[in-house]
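These protein sequences, in sequence, are chains A and B.
Mapping the first sequence onto this note's numbering, position 80 (from 1) lands on 80, and the numbers just tick up by one.
Mapping the second sequence onto this note's numbering, position 242 (from 1) lands on 340, and the numbers just tick up by one.
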Amino acid sequence: MVLGKSYSKFVRTLMYGFLFIMLLTLAISMLNIKAGAVMMKFCLLLFILIPPISIMYLAIKSLIRKDYTMLICLVLIFVVVVSNILTNMRLLLQYLLK
Amino acid sequence: MIVTTFLLFVVAACVSVVAAALGIGGGSLMVPFLVLLVGLDVKSAIALSLFSIISTSLSATVVYSKKELVNFKYGSLLEIFSVIGAIIGSNIAIMVDERLLKIAFSVVLAYSAYRLLRKNKNRLLLRGNVKRSLTLGSLGTFAAGSLSGMLGIGGGVLKVPILFLLLGLPVKVAIATSEFMISLTTSTAVLTYYIREHVNPYFAAATIFGSFIGANIGSTVAIKTKPKTLKIMLAILLIIFSSMMILSCLGAEIWS
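Following this line, the structure appears as structure tokens:
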């Protein structure tokens with residue numbers, strides 16, 4: 001049952017890291033609106049990617065704990081989420097590089 | 099612009115307190131608020147609502163998992179169907195009559211509320227029937243994922259009753275596990291809106307910050323609240339949503 005605590009720590013680190021970057025981006029936006037807007041797009045993408053990254057962490061943890069049922073489920077979820085991102089990759093790049 | 103950003107921050111924080119405490123995403127509360135109060139168009143409201151849901155569910159999951167309340171095994175098993183449902187949901191929405199879906203959804207919600215309010219034996223799980231419960235649960239979470247993709251909601255209003263009534267998890271564990279599942283479903287659904295430029299990045303930032311604060315308060319409150327109170331609050335919420343669905347089928351513009 002230690003899984004919950006370590007997962008909580010990992011996601012909390014990601015969340016605080018993201019919030020710090022976002023605050024930094026807001027500060028940049030005040031100095032240069034155009035650069036700030038581009039950075040903000042990347043920030044939001046980073047935010048969307050937090051749940052898949054946390055799934056990857058859980059998968060590694062369940063591999064270490066030899067919980068193969070959970071590992072298969074997590075890998076399946078990860079594959080579905082990543083394939084959804086890859087399917088939309090062209091539009092995603094178009095939006096980010098515009 | 100500054101007033102709208104501040105309004106979004108406040109609305110997101112308030113909705114997230116309720117959402118995190120009851121294990122829902124909060125999209126069904128957020129979208130009408132953003133359209134009616136802030137004056138955004140529906141697509142932007144759905145997109146911002148999805149960002150808020152991710153922030154709410156992640157923050158709530160951090161608090162709940164720290165207390166070891168998340169059942170990762172059931173969560174990850176059922177989430178496969180929810181994520182697939184979220185992707186397929188948007189495509190099904192084109193083919194199926196939305197009214198029919200709403201009626202079915204409101205009936206399920208009303209029935210769940212009835213089961214939650216019953217004093218004894220309010221769980222559908224029977225001994226030796228775990229397989230059947232898991233099969234039904236998978237179908238239910240698939241439907242929740244589809245609705246998430248279609249209506250911009252988290253799907254927690256379906257996931258919590260499934261985890262509590264069908265799989266027999268305690269109400270606090272059901273709420274915590276639902277929040278864990280919602281973050282994944284929503285991150286899949288939000289990408290579509292993000293790449294189609296329905297999101298103002300600064301509005302999204304305000305919503306995320308607001309939800310982060312609100313969800314931390316909500317989940318802390320839920321941990322300290324009695325399970326019976328949570329059950330009653332959840333049942334009331336289900337009845338409200340069920341009524342809203344039926345009203346919107348009758349022509350009232352609640353769900354847009």
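Note that beta-carbon positions come from the ideal geometry of N, C-alpha and C, so glycine has one too.
If you're wondering where the values come from, they're calculated on a predicted model, not measured in any experiment.
Below 8 Å, enough C-beta pairs join the region 290 to 297 of chain B and the region 36 to 56 of chain A to call them touching: three or more.
Annotated as proximal: A/M39 and A/I28, with beta-carbon spacing under 7 Å. In the structure shown, A/P52 adopts helical secondary structure according to DSSP, grouped into three states. Counting along the chain, the unbroken alpha helix (DSSP H) around A/L19 starts and ends at 3 to 31. By the criterion of a C-beta distance shorter than 7 Å, B/M331 is surrounded in its chain by L120, once the five residues flanking it on both sides are discounted. Interface flag for B/I178 against chain A is set, since a Cβ pair is found closer than 7 Å. If you ignore the 5 residues before and after A/A59, its C-beta comes within less than 7 Å of the C-beta of L71, L74, V75, F78, all in its own chain and listed in chain order. The DSSP-derived three-state label of B/L106 is helix. Shown in chain order are the members of the region 28 to 49 of chain A whose Cβ falls below 8 Å from a Cβ of chain B: S29, A37, M40, K41, C43, L44, L45, F47, I48, L49. Beta-carbon to beta-carbon, B/L282 and B/E177 are separated by about 5 Å, close enough to satisfy the 8 Å threshold. Excluding the 5 residues flanking it on each side, B/F262 has same chain C-beta neighbours closer than 6 Å at V269, A272, in chain order.
Nearest in C-alpha terms to B/V101, of all of B/S346, B/Y300, B/I260, B/S340, is B/Y300. At the C-beta level, B/S285 and A/I85 stay beyond 7 Å of one another. With its beta carbon at least 7 Å from every one in chain B, A/V79 lies outside the interface. Around the beta-carbon of A/A35, fewer than 16 other beta-carbon atoms lie within 10 Å, marking it exposed. Taking the Cβ atoms as the reference, A/V80 lies roughly 5 Å from B/V181, within the contact range of under 8 Å. For a cut-off of 8 Å, the C-beta gap from B/G183 to B/A241 is around 7 Å, short enough to register as a contact. With fewer than 16 other Cβ atoms from the protein chains shown falling within 10 Å of its own Cβ, B/Y212 counts as exposed.
Only residues of its own chain outside the window of five on either side were considered, and among them A117, I151, T154, S155, I251, G252, G253, G254, I280, T284 have a CB closer than 7 Å to the CB of B/G123, listed in chain order. DSSP places B/I186 within a helical segment (H, G or I) once states are collapsed to three.
Note that the C-beta distance between B/A302 and B/V168 is not below 7 Å. When rounded, the separation of the alpha-carbon atoms in A/V11 and B/G349 is 42 Å.
Inclusion of B/S126 and B/L207 in the CB contact set at 7 Å is not warranted, their separation being larger than that value.
Among the residues of the region 291 to 308 of chain B, those with a Cβ less than 9 Å away from any Cβ of chain A are Y292, I293, R294, E295, V297, P299, Y300, A302, A303, I306, F307, in the order of the chain. With contacts defined as CB atoms closer than 7 Å, B/S231 and B/A110 fail to qualify as a contacting pair. Here B/I122 carries a coil assignment [DSSP, helix/strand/coil].
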